[in-house]
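Visitor: Those letters in the sequence shown? Residues -22 to -1, 1 to 85, by mature numbering (1 follows the signal peptide of the UniProt record, and there is no 0).
All C-beta atoms in this analysis are idealised placements derived from N, C-alpha and C, irrespective of residue type, glycine included.
For reference, the structure I am asking about is given below.
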Amino acid sequence: MHMLKNVVIYLFFIPMLHLTLSHLTPVKMDFSSTFRIKHKDPHKIKRILEVDKDFRADSQTTYDIEDGKLLVNISCSNLVSLKKSAYDLFRKLTLVDETIKMIEEYK
């Protein structure tokens, strides 16, 4: 497991039950990962990520603020889906960070 600067990754394999809206059938969420993201304004990042939330049937993402850090919990039915969701999260965070830097540069 790699330790990234300001990001601590915890993997939990806890069976969960999630009711999908598309089929209204239970989908077992066997894989979950929690990311703690340190940022100077985690509330803004949380609002941005909630607007662009994934709505896949096999995954569920929740956002919370704890101790001044953004907690992102991703639960998925399989490991491949968890990998895709984590990749999408970091892609969005990179895009948000680049956008914020560009806006601050042109102020």
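How long is the line joining the alpha carbons of L27 and E44, rounded to whole angstroms?
Guide: Their backbone Cα atoms lie some 16 Å apart in a straight line.
Visitor: Check whether the Cβ of R25 lies closer than 7 Å to any heavy atom of the ligand SAH, and answer yes or no.
Guide: The ligand SAH is absent from the structure shown, which contains no ligand whatsoever.
Visitor: Of all the beta strand (DSSP E) runs that stay within the bounds of the stretch 2 to 27, which reach a length of 3 or more residues?
Guide: Fully enclosed beta strand (DSSP E) runs of 3 or longer: 4 to 7 and 9 to 16.
Visitor: Going by DSSP, what residue range makes up the alpha helix (DSSP H) through Y65?
Guide: Taken as a continuous stretch (DSSP letters only), the alpha helix (DSSP H) holding Y65 covers L57 to E83.
Visitor: Suppose you measure from the CA of D30 to the CA of S55; what does that come to, to the nearest Å?
Guide: Roughly 21 Å separates the two Cα atoms.
Visitor: Between which two residues does the beta strand (DSSP E) carrying D42 extend?
Guide: Per DSSP, D42 belongs to the beta strand (DSSP E) from S37 to E44.
Visitor: Pop quiz: residue 113 and R25 are said to be a contact at Cβ under 8 Å. What is the actual Cβ separation, rounded to whole angstroms?
Guide: Residue 113 lies beyond the residue range present for the chain, which begins at -22 and ends at 85; the question has no answer from this structure.
Visitor: On the CB-based measure, 16 or more other CB atoms within 10 Å of its CB, does D36 come out buried or exposed?
Guide: The residue is buried, with at least 16 neighbouring Cβ atoms inside 10 Å.
Visitor: DSSP has K31 in a bridge; who is on the other side?
Guide: In DSSP, K31 forms no bridge with anything.
Visitor: Excluding the 5 residues flanking I23 on each side, which residues of the same chain have their C-beta closer than 6 Å to its C-beta?
Guide: Excluding sequence neighbours, I23 sits near H17 and L48.
Visitor: Between F33, T39 and P20, which has its C-alpha nearest D75's C-alpha?
Guide: Taking only the C-alpha atoms, the option nearest D75 is P20.
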